[in-house]
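Enquirer: Numbering (my numbering) for the first sequence: 11 to 591.
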Amino acid sequence: MEYALDRFVAAIQAALSATDQVPTALIDLQTPKPNIPADMAFPTFRAAKELGIAPPKLAQDLAATLQFAPDALVGTVETAGPFLNFTLHPERLAAAVITEITHLGDSYGHDDQGHDQRVVVDYSSPNVAKRMHVGHIRSTIIGHSLVNIFRALGYQTIGDNHLGDWGKQFGVIIAAIERYGRPQAEGEAELAQVEALYARYNDEMKDHPELDEVARQRSLLLEQGDPQARQIWQWCVEMTLAANQRNYNRLGVQFDHMLGESFYEDMLPGVIQDALDAEVARRDADGAVVVDAMDKSIPTFLLQRADGATLYLTRDLATIKYRQATFAPAKMAYVVGQPQELHFRQLFALARAINYVPAAIELVHVPFGTVFDTDGQTISTRKGNMIFLATLLDEATARARTVVEEKSPDLSDEEKDTVAEAVGIGAVIYNDLYQDTRRNITLDWDRMLSREGNSATYLQYSHARCCSIIRRAAELPDAGQPADAPVQYAALTHPAEQSLIKHLAKMPWAVREAGTRYAPFVLADWCYTTAREFGVFFEQCPVLRAETPELRAARLALVAATAQALRNGLGLLGIKAPQRM
RNA sequence: GACCUCGUAGCUCAGUGGAUUAGAGCGCUUCCCUGCGGAGGAAGAGGUCGCGCGUUCGAAUCGCGCCGAGGUCGCCA
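1) Threshold first: 4 residues or longer. Then list the alpha helix (DSSP H) segments lying entirely within the region 114-162, N to C.
2) Provide the residue span of the beta strand (DSSP E) that contains residue 169, from first to last.
3) Check whether the Cβ atoms of residue 461 and residue 497 lie closer than 8 Å to each other.
4) CA-CA distance, residue 431 and residue 468?
5) What residue does the beta strand (DSSP E) around residue 341 start on, and which one ends it?
6) Can you tell me where the beta strand (DSSP E) holding residue 292 begins and where it ends?
7) I'd like to check one pair, residue 73 with residue 89: are the Cβ atoms closer than 8 Å?
8) Quickly, what does DSSP pair residue 94 with across the bridge? List them, please.
9) Starting from residue 373, trace the beta strand (DSSP E) in both directions and tell me its first and last residue.
10) For residue 283, count neighbouring Cβ atoms within 10 angstroms of its own Cβ and tell me buried if that reaches 16, exposed if not.
11) Return the residue from the list 482, 543, 535 that minimises the CA-CA distance to residue 562.
12) Classify residue 100 as buried or exposed, calling it buried when 16 or more other Cβ atoms lie within 10 Å of its own Cβ.
13) I think residue 323 touches residue 315, with their Cβ atoms under 8 Å apart; what is that distance to the nearest whole Å?
14) Please work out which residues of its chain come closer than 7 Å, Cβ to Cβ, to residue 71, disregarding the five sequence neighbours upstream and downstream, and give them in chain order.
15) Is residue 380 near residue 172, with beta carbons less than 8 Å apart?
16) Whole angstroms is fine: what's the gap from residue 516's alpha carbon to residue 372's?
17) Indicate whether the contact test is met: 3 or more Cβ pairs, each with one atom in the region 349-363 and one in the region 146-164, closer than 8 Å.
18) Could you have a look at residue 244 and say whether DSSP puts it in helix, strand or coil?
19) Where does residue 503 fall in DSSP's three states?
20) Drop a sphere of 10 angstroms on the beta-carbon of residue 153, count the other beta-carbons inside from all chains shown, and report buried for 16 or more, exposed for fewer.
21) Under DSSP, the alpha helix (DSSP H) around residue 312 begins and ends at which residues?
22) Span of the alpha helix (DSSP H) holding residue 438?
23) By alpha-carbon positions, which one of 339, 436, 206 ends up nearest to residue 165?
24) On the three-pair Cβ rule with 8 Å, is the region 511-529 touching the region 563-581?
25) Is the region 285-304 in contact with the region 264-277, if contact means three or more CB pairs nearer than 8 Å?
26) In terms of alpha-carbon separation, which member of 542, 543, 519 lies closest to residue 532?
27) For the alpha helix (DSSP H) that residue 182 lies in, which residues bound it at each end?
28) According to DSSP, simplified to helix, strand and coil, what is residue 383?
29) Considering only the alpha carbon of each residue, which of 162, 156, 409, 179 lies closest to residue 170?
30) Does residue 84 come out as helix, strand or coil in the three-state DSSP assignment?
31) Considering only C-alpha positions, which residue in the set 198, 19, 422, 506 is nearest to residue 143?
32) Can at least three beta-carbon pairs, one atom from the region 495-509 and one from the region 470-481, be found at a separation below 8 Å?
33) By alpha-carbon positions, which one of 224, 526, 196, 524 ends up nearest to residue 181?
34) At the level of alpha carbons, what is the spacing between residue 374 and residue 48?
35) For residue 442, is the beta carbon positioned less than 7 Å from some heavy atom of the ligand SAM?
36) Mapping the DSSP letters down to three states, classify residue 99 as helix, strand or coil.
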């Protein structure tokens, strides 16, 4: 895709090249800082040095000879010492950007850079027989947004929920259910009961060592495919999926695959053998399969225990092999907490060493920071400060509902519910996406559900205000402007209008950067700035009461474009944008 | 001890080689409701960009060394 700003940059590069005064390789354009009155700049330092000219002189010479097409998006060219500054042509930009947004609609900001390429995103990955908590929610929200972003960039995106559905703990769960019976509840409550049974069995095991033996045996039976053990396990998986699905539905999350750890069990002996054959792993004296340190930053690790059991890393290795063989993706991304950073470095290094994935394929760990409570403690059941996803969403929605009741009493009950859900869930999502995900975050209700400043509610509110203007415009009698008259974009000369338009033009760049950096916050930041720019415009530029019908029509088009772009941006973050709230 | 991430305003964070005044939000001090939704907008106070040395015409940004915070380091996931 080539958007207005892309054409602007391309025109500058072409014109600079055409002067024959500077080699194309030395043309390095930059977006200047906001205090510089220019939209694109060419700092001539490097080029001037290569050419043996003084930078200001080169800038002057270039400025004197640059030629642009009469319809180019370039407005003015000026030198500022060693800098060559370019501005956008205000009227042409306004027309170009607003028409682009109008024509592309929901796909404004999308791209085709991922054409013919696939990307696998591994995210959410909750454990079976456990409720989802704050850790999973970060993975779910960040991963979902990345899936949206890559899809928008034209990649065929495969979201895979790598369920923790295998392991020793199932021996205990099966034994517990046999001993105490299946819980009789629904959804999240049923899951909570299974958790309780698990804890109860573990407790009882301390005084009755024979129970430990039973659990061990059930674990073995499950691995051997015993029908009864298998059946209880299957029930756990389905029950967990059903409970989680409610959370996913509320968050708007859908997966293409839910291939849990159990799916890869049969492949494990094979990948261990692959590692041994490739001579990147060896069997040590105890019988464990060891991968020796490859590097200072990749210390020794194990692929198989001395007793023959496999490990987390073994399953992840099988997963990589499977994904490569099945999807042949250009990128594989793992949205997993920062504490597992070393694990992924080891995993990726090993996968490369065995040649499971070609060098051209990107293997990326997208780490996210830990969630702490307001006392700086990690969140855990043991500390009694655990917060589950369902509770979080309920609480957020309930709080939003109170505000909706207060601010918009005229909405119907049904509308209030819809808005409260959008606002509450939006706040939860935004809390995980508005800043660099690597940062540790503090779970602070007041901050998370804040409605002011850089918050989801503020963005949604800005969008609703746009919609309100559009709605009222449709109700007003026609102000003498025929509906099909061409919009006079040239009328949009107010600084607040220009600033907003320039910012709307940047959305495609924000989406691309969010993709290359695996950083949804880049897009969140774009949305926030959009809302701010609109806020200024809203105060300074009356739309419905504009001085002339032409100006009103042009501003209306700008408002509609703003709403569309903001809605698209929020959509990529996974946040709903109600028309009224 | 090694490795990873981070250290920017009272708090939470953007900016990660370029251009007199390093940007936001929250909080604080003032303004703006006879005007399209005040869940808004404007203005102000508040910063030796953890410390030091170096590279460069130029460093919050790159390199090295410290200090501080969080995390990880073969038989958990």
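Heads up, the beta-carbon is just placed ideally off N, CA and C, and yes, glycines get one too.
Expert: Checking against the coordinates, here is how it stands:
1) 144-162
2) 166-170
3) Cβ distance not < 8 Å, so residue 461 and residue 497 don't count as in contact.
4) 15 Å
5) 341-347
6) 291-293
7) Result yes, Cβ atoms of residue 89 and residue 73 sit closer than 8 Å.
8) 52, 89
9) 372-378
10) exposed
11) 482
12) buried
13) With a Cβ gap of about 11 Å, residue 323 and residue 315 do not count as contacting.
14) 31
15) no
16) Residue 516 and residue 372: Cα-Cα distance of roughly 26 Å.
17) With the cut-off at 8 Å, the region 349-363 and the region 146-164 do not touch.
18) helix
19) coil
20) buried
21) Not the alpha helix (DSSP H): residue 312 falls in the beta strand (DSSP E), residues 311-314.
22) In the DSSP assignment, residue 438 falls within the alpha helix (DSSP H) that extends over 423-443.
23) Comparing alpha-carbon positions, the option among 339, 436, 206 lying closest to residue 165 turns out to be 339.
24) yes
25) Under the Cβ criterion (8 Å, minimum of three pairs), the region 285-304 does not count as touching the region 264-277.
26) Ranking the options by Cα distance to residue 532, first place goes to 519.
27) 179-190
28) coil
29) 156
30) strand
31) 198
32) Touching, no.
33) 224
34) 36 Å
35) Ligands are entirely absent from the displayed structure, and the ligand SAM is therefore not among its contents.
36) Under the three-state reduction of DSSP output, residue 99 falls in the coil class, being neither helix nor strand.
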